[in-house]
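Engineer: Position one of the sequence shown corresponds to residue 102 (the working numbering), numbered consecutively onward. Even glycine gets a Cβ: it sits at the ideal position worked out from N, Cα and C. Right, I'll just put the structure down here and ask away after.
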Amino acid sequence: MQVLLGRRAVVDVVVAMAAFLVSGSLILTAAGAGATYFLSAIAAGLAVVGNAAASILSRKPRLTTVADRVTLLRAVLVACCAAATVPALFGGVGPGVPVVAVGAAAFLLDAVDGAVARRFACVSPAGGRLDVQTDAALVLVLSCAAVPIVGPWVLAIGLMWYAFVTAGWFRPELKRMLPVKRLRKVIGAFQPFALLLALTPGVPGGIGMVAVVLALVALVASFGRDVVELEQSHRRWTGRHSSTELVN
């Protein structure tokens, strides 16, 4: 049984990679992307869907659930979004409707994989990590797409989660689990919403700019609060541990 589950996981990953290569190529061909942009765009998309594939293939035991397949679909959409962003980014122009449409689909599906996981009782830490990684990839891609419209500073939104993860390599206390809070989820969901709003053709630039600034401020406050909470939790744990050693 375990062998069959492992093979199914590999098949799911291969299907996701193939789906991106086909759909991404069609999007780029329709956009008239040149050869250089085409290869760079495909590489960007492969980085997104490849990261999701690596997350699944590194599991022990290796398996995928119904919810994971929904998240893989989201990863494919984010990869297509990344591919469509590259020509626009190099050209210094807004990415247009395709990126907004595909990005919005990936954003809306974020509410589906969690519901599916609960419905089919397949909630798992591995699935949660894959979901968070896909969310982060979407925000980073949309941040890159928004650079020609908002400015380079918008990359701070897309890079903040990666900076937090990197900081955890040097400060293991930052890798501790945080309690689930609704406000954190709301702030997380507001990031892609604000970026999509700024990217949507026809939306006044002032409205998009205000939304993105609010998103960045909220994100900085959220990560700052998490860092403080994790550090305080570590100090409390260290204090209790030291007290126990003194008693013993």
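1. On the CB-based measure, 16 or more other CB atoms within 10 Å of its CB, does R175 come out buried or exposed?
2. Looking at the secondary structure, which residues open and close the alpha helix (DSSP H) in which F83 lies?
3. How is the alpha helix (DSSP H) around G272 delimited, first residue to last?
4. Just how far apart, CA to CA, sit V328 and R283?
5. Helix or strand or just coil, what does DSSP make of L239?
6. Are the CB atoms of A110 and R163 within a distance shorter than 9 Å?
7. Assess, as a yes-or-no matter, whether the region 147-155 is touched by the region 203-210 under the definition of 3 or more beta carbon pairs within less than 8 Å.
8. Within 10 angstroms of the Cβ of P226, are there 16 or more other Cβ atoms? Answer buried if so, exposed if not.
9. Closer than 8 Å is the cut-off here; do at least three beta carbon pairs connect the region 178-189 with the region 211-222?
10. I need the straight-line Cα distance from L223 to A316, nearest angstrom please.
11. Mind checking which residues open and close the alpha helix (DSSP H) that includes G151?
12. In this structure, how does DSSP classify K282 when only helix, strand and coil are distinguished?
13. Can you list, in chain order, the residues of its chain whose CB lies under 7 Å from that of A145, leaving out five sequence neighbours each side?
14. Using a Cβ-Cβ cut-off of 7 Å (strictly less than) and excluding sequence neighbours within five positions of M261, which residues of its own chain qualify?
15. Can you give me the C-alpha to C-alpha distance between V314 and F139, rounded to a whole angstrom?
16. Starting from T172, follow the alpha helix (DSSP H) in both directions and report where the run begins and ends.
17. Closer than 9 Å, CB to CB, is A119 near chain D or not?
18. Quick one: Cα of L279 to Cα of A131, how far?
19. Is the beta carbon of F191 closer than 9 Å to that of S141?
20. State yes or no: is the C-beta of I258 within less than 9 Å of the C-beta of V240?
Structural biologist: The relevant details are as follows:
1. In the sequence shown, counting from the first residue as 1, residue 175 sits at position 74. Burial call: buried.
2. As displayed, the chain neither begins before 102 nor continues past 349, which places residue 83 out of reach and without an answer.
3. Along the sequence shown, read from residue 1 onward, the residue named residue 272 stands at position 171. It should be noted that the sequence gives Arg, not Gly, for residue 272. Annotation for R272: no alpha helix (DSSP H) segment contains it, and DSSP assigns it neither H nor E.
4. Your numbering for residue 328 matches position 227 in the sequence shown. Your numbering for residue 283 matches position 182 in the sequence shown. A straight-line Cα-Cα distance of about 17 Å links V328 and R283.
5. Walking along the sequence shown from the start, residue 239 turns up at place 138. Correct three-state label for L239: helix.
6. Walking along the sequence shown from the start, residue 163 turns up at place 62. Walking along the sequence shown from the start, residue 110 turns up at place 9. Yes, these two residues count as a Cβ contact at 9 Å.
7. For the pair of segments examined, the region 203-210 was found not to touch the region 147-155: the number of CB pairs separated by less than 8 Å stays below three.
8. Taking the first residue of the sequence shown as 1, we reach residue 226 at position 125. Only exposed fits P226, as fewer than 16 other CB atoms lie within 10 angstroms of its CB.
9. Under the three-pair Cβ rule at 8 Å, the region 178-189 does not count as touching the region 211-222.
10. Taking the first residue of the sequence shown as 1, we reach residue 223 at position 122. Taking the first residue of the sequence shown as 1, we reach residue 316 at position 215. The question names Leu, but residue 223 is Cys in the sequence shown. Their Cα atoms are separated by approximately 31 Å.
11. Indexing the sequence shown from 1 puts residue 151 at position 50. That run of the alpha helix (DSSP H) goes 136-158.
12. As a first step, residue 282 is located in the sequence shown; it is residue number 181 there, counting from the start. K282: coil per DSSP, three-state reduction.
13. The sequence position of residue 145 within the sequence shown is 44, counting from 1. Excluding positions up to five away in sequence, the list reads A183, A184, V187.
14. Sequence index remark: in the sequence shown, residue 261 carries index 160 (1-based). Cβ neighbours of M261 beyond the five flanking positions: L320, F324.
15. In the sequence shown, counting from the first residue as 1, residue 314 sits at position 213. In the sequence shown, counting from the first residue as 1, residue 139 sits at position 38. A straight line joining the alpha-carbon of V314 with that of F139 spans about 32 Å.
16. Translated into the one-based positions of the sequence shown, residue 172 becomes position 71. 167-192 is the span of the alpha helix (DSSP H), which, as asked, contains T172.
17. Looking for chain D here will not work: only one protein chain is present.
18. As a first step, residue 279 is located in the sequence shown; it is residue number 178 there, counting from the start. As a first step, residue 131 is located in the sequence shown; it is residue number 30 there, counting from the start. Answer to the nearest angstrom: the Cα atoms are 44 Å apart.
19. Numbered from 1 along the sequence shown, position 40 holds the residue referred to as residue 141. Numbered from 1 along the sequence shown, position 90 holds the residue referred to as residue 191. Less than 9 Å divides the Cβ of S141 from the Cβ of F191.
20. For the purposes of this step, residue 258 is taken as the residue at position 157 of the sequence shown. For the purposes of this step, residue 240 is taken as the residue at position 139 of the sequence shown. Taking 9 Å as the cut-off, the Cβ atoms of I258 and V240 count as close.
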